[in-house]
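Participant: Residue numbers (our numbering), protein chains in the order written: chain A, 1 to 79; chain B, 101 to 179; chain C, 201 to 279; chain D, 301 to 379; chain E, 401 to 479.
Pasting in a structure now, in structure tokens, and then I'll have a few things to ask.
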């Protein structure tokens, strides 16, 4: 997983029907900007955990999603 | 998912038979150029949402596609 | 697989329910920092073997995980 | 998918038995060189369409292939 | 697939049980170092063909492996 920060969201009227009802956030990982389906109600400025690839679609009832926000981080600690 | 801009398309007479009937667009993501199957009728200059990897093939009846255009963006807003 | 070093861990109170009970470590591979589910009880400073992608989820009862620590390295030898 | 140019091929006498009978081409995408199974009879200098990842194996009867040449491009046009 | 050179191997006493009996080689692709399960008996200095991603696990009885050495190259020729 990658750590990123929510920087915004995107809207699309014309889209594949299986994407209806999904919220798409723009996430900056420092290296790049990705668009991810939101599973946890994240908002702008939140530091989040991002899952990418095929497994991301398991959060979304197998919709064709390749990135999902799956957690909002409390903090980073040293073990 | 990634955000990209449609810059053109590609034609191939000699191709794997399971790719017949697909439209292939060239998409620039800023970092690189990718070729993606079009699922939403995008045209040159459109800003689109791009799904990559195995999940892209779900839009295309399981054809061996690793990238698909799944939405045309209205705009990018701040949440 | 990639070789990395455990540099810390992350906590998330608000997360997808299927991630309950997982421990998430921050791993530096030199090139980048990743967050991975821990399967072997690794601690800070351990040099570990990191599996990424869909196969990582097999270690975690098919939870939607895209990176897992699967071994703690003894040493690197020449064959 | 990516666009690349065929620059050569590779031979391997010692290989996993499930790879018998496959032709492997070396493809330059500009950024990197990849080795891909050939499904369309491409030759040196041909500009080709390259599928990578799990879906590439669908062209090859589920053999463990992670890249395949699936089309020879006619030309790139503007839509 | 990628072409790489075997530069060494790694040992791990503490590892996920499903990885028992696998040999792990360190492979340099020029750009990066990867650790891959060996399916063909490769040794240090051999030039090898490397499969990455989910398909690599098919060589290893579905063990959670994301990279495998599947062939030892004879030579690179021009088609």
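Don't be surprised by glycine CBs; every beta carbon is placed ideally from N, CA and C.
Do we get a CB-CB distance below 7 Å when we pair residue 78(A) with the residues of chain B?
Facilitator: Mapped onto the first chain, residue 78(A) falls at position 78. For residue 78(A), the predicted structure reports a pLDDT of 45, less than 50, and the residue's modelled location is therefore unreliable. The matter cannot be settled from this model.
Participant: Given a threshold of 16 other Cβ atoms within 10 Å of its Cβ, counted over all protein chains shown, does residue 46(A) qualify as buried or as exposed?
Facilitator: As a first step, residue 46(A) must be located in the first chain, where it is residue number 46. Around the C-beta of residue 46(A), 16 or more other C-beta atoms lie within 10 Å, and the residue is accordingly described as buried.
Participant: Assuming residue 335(D) contacts residue 373(D) under a Cβ cut-off of 8 Å, what Cβ separation, rounded to an integer in Å, is found between them?
Facilitator: Your numbering for residue 335(D) matches position 35 in the fourth chain. Your numbering for residue 373(D) matches position 73 in the fourth chain. Actually they do not touch by this definition, with Cβ atoms about 19 Å apart.
Participant: Classify residue 78(A) as buried or exposed, calling it buried when 16 or more other Cβ atoms lie within 10 Å of its own Cβ.
Facilitator: Within the first chain, the letter at position 78 stands for residue 78(A). At residue 78(A), the pLDDT of 45 sits below 50, so the modelled position is not reliable; the number obtained from the coordinates is stated separately. Its Cβ having fewer than 16 others within 10 Å, residue 78(A) is exposed.
Participant: Are residue 167(B) and residue 154(B) closer than 7 Å when you measure CB to CB?
Facilitator: Walking along the second chain from the start, residue 167(B) turns up at place 67. Walking along the second chain from the start, residue 154(B) turns up at place 54. No.
Participant: Could you work out which residues of chain A lie near residue 219(C), taking near to mean beta carbons separated by less than 8 Å?
Facilitator: As a working note, residue 219(C) is residue 19 in the third chain. 70 and 71, listed in chain order.
Participant: Which word fits residue 344(D), buried or exposed, when buried means at least 16 other C-beta atoms lie within 10 angstroms of its C-beta?
Facilitator: Position 44 of the fourth chain, counting from 1, holds the residue named residue 344(D). The residue is exposed, with fewer than 16 neighbouring Cβ atoms inside 10 Å.
Participant: Once DSSP output is grouped into helix, strand and coil, what is the label at residue 334(D)?
Facilitator: As a working note, residue 334(D) is residue 34 in the fourth chain. The three-state secondary structure of residue 334(D), taken from DSSP, is strand.
Participant: What is the rounded straight-line gap between the Cα of residue 318(D) and the Cα of residue 364(D)?
Facilitator: In the fourth chain, residue 318(D) corresponds to position 18, counting from 1. In the fourth chain, residue 364(D) corresponds to position 64, counting from 1. For residue 318(D) and residue 364(D), the distance between alpha carbons rounds to 8 Å.
Participant: Which residues in the same chain have their Cβ closer than 8 Å to the Cβ of residue 427(E), if we skip the five residues on either side of it in sequence?
Facilitator: Here residue 427(E) corresponds to residue number 27 of the fifth chain, with the count starting at 1. Closer than 8 Å at the Cβ level, and outside the excluded window around residue 427(E), lie 404, 405, 406, 407, 433, 434, 435, 436, 448, 450, 467 and 469.
Participant: So, is residue 201(C) buried or exposed, given that buried needs 16 or more other C-beta atoms within 10 angstroms?
Facilitator: Taking the first residue of the third chain as position 1, residue 201(C) is located at position 1. By the neighbour-count rule (16 or more Cβ atoms within 10 Å), residue 201(C) is buried.
Participant: Quick one: is residue 124(B) near chain A, going by C-beta distance under 7 Å?
Facilitator: As a working note, residue 124(B) is residue 24 in the second chain. With 7 Å as the cut-off, residue 124(B) does not count as an interface residue toward chain A.
Participant: At 9 Å on the CB atoms, spell out the chain E contacts of residue 358(D), in chain order.
Facilitator: Taking the fourth chain and counting its residues from 1, one reaches residue 358(D) at position 58. Ordered by position in chain E, no residue passes the 9 Å Cβ test against residue 358(D), which lies about 10 Å from the chain.
Participant: Find the residues of chain B that neighbour residue 50(A), judging by a C-beta separation of less than 7 Å, and give them in chain order.
Facilitator: In the first chain, counting from the first residue as 1, residue 50(A) sits at position 50. Those within 7 Å of residue 50(A) in chain B number zero; the least Cβ separation is about 12 Å.
Participant: Any idea which residues DSSP pairs residue 249(C) with across the strands?
Facilitator: Numbered from 1 along the third chain, position 49 holds the residue referred to as residue 249(C). According to DSSP, residue 249(C) bridges with 203(C) and 271(C).
Participant: Listing by chain order, which chain A residues have their CB less than 7 Å from the CB of residue 144(B)?
Facilitator: The residue labelled residue 144(B) in the question sits at position 44 within the second chain. Those within 7 Å of residue 144(B) in chain A number zero; the least Cβ separation is about 15 Å.
Participant: Please look up how many angstroms separate the CB atoms of residue 10(A) and residue 214(C), rounded, as I've assumed it's under 8 Å.
Facilitator: Walking along the first chain from the start, residue 10(A) turns up at place 10. Walking along the third chain from the start, residue 214(C) turns up at place 14. Cβ atoms of residue 10(A) and residue 214(C) stay farther apart than 8 Å, at about 22 Å.
Participant: For residue 455(E), which of helix, strand or coil comes out of DSSP?
Facilitator: By 1-based counting over the fifth chain, the position of residue 455(E) is 55. Three-state result, residue 455(E): helix.
Participant: Span of the beta strand (DSSP E) holding residue 325(D)?
Facilitator: Indexing the fourth chain from 1 puts residue 325(D) at position 25. From DSSP, the beta strand (DSSP E) with residue 325(D) extends over 324-328.
Participant: DSSP puts residue 15(A) in a beta bridge; with which residues?
Facilitator: One-based indexing of the first chain puts residue 15(A) at position 15. According to DSSP, which records beta bridges pairwise, residue 15(A) is partnered with 171(B).
Participant: So, residue 156(B) versus residue 12(A), is the Cβ gap smaller than 7 Å?
Facilitator: Indexing the second chain from 1 puts residue 156(B) at position 56. Indexing the first chain from 1 puts residue 12(A) at position 12. Not in contact: residue 156(B) and residue 12(A) (Cβ atoms no closer than 7 Å).
Participant: Please report the straight-line C-alpha distance between residue 416(E) and residue 225(C), rounded to a whole angstrom.
Facilitator: Locating residue 416(E) in the fifth chain gives position 16, counting from the first residue. Locating residue 225(C) in the third chain gives position 25, counting from the first residue. Answer to the nearest angstrom: the Cα atoms are 16 Å apart.
Participant: Less than 7 Å between CB atoms is the rule here; does residue 215(C) satisfy it with respect to chain A?
Facilitator: Along the third chain, read from residue 1 onward, the residue named residue 215(C) stands at position 15. Using a CB distance cut-off of 7 Å, residue 215(C) counts as an interface residue toward chain A.
Participant: Give a yes or no on whether 7 Å exceeds the smallest Cβ distance from residue 266(C) to chain A.
Facilitator: Counting from 1 along the third chain, the entry for residue 266(C) is found at position 66. Yes, contact with chain A.
Participant: State the Cα-Cα distance for the pair residue 442(E) and residue 320(D), rounded to the nearest angstrom.
Facilitator: Along the fifth chain, one-based indexing puts residue 442(E) at 42. Along the fourth chain, one-based indexing puts residue 320(D) at 20. Distance between the alpha carbons of residue 442(E) and residue 320(D) is about 18 Å.
Participant: Report yes or no: is there a C-beta of chain B within less than 7 Å of the C-beta of residue 340(D)?
Facilitator: Working through the fourth chain from its first residue, we reach residue 340(D) at position 40. Yes, its Cβ sits closer than 7 Å to a Cβ of chain B.
Participant: Which chain D residues are close to residue 474(E), counting only those with a beta carbon under 9 Å from its beta carbon?
Facilitator: For this step, residue 474(E) is matched to residue 74 along the fifth chain. Here the neighbours are 310, 311, 312, 313 and 314.
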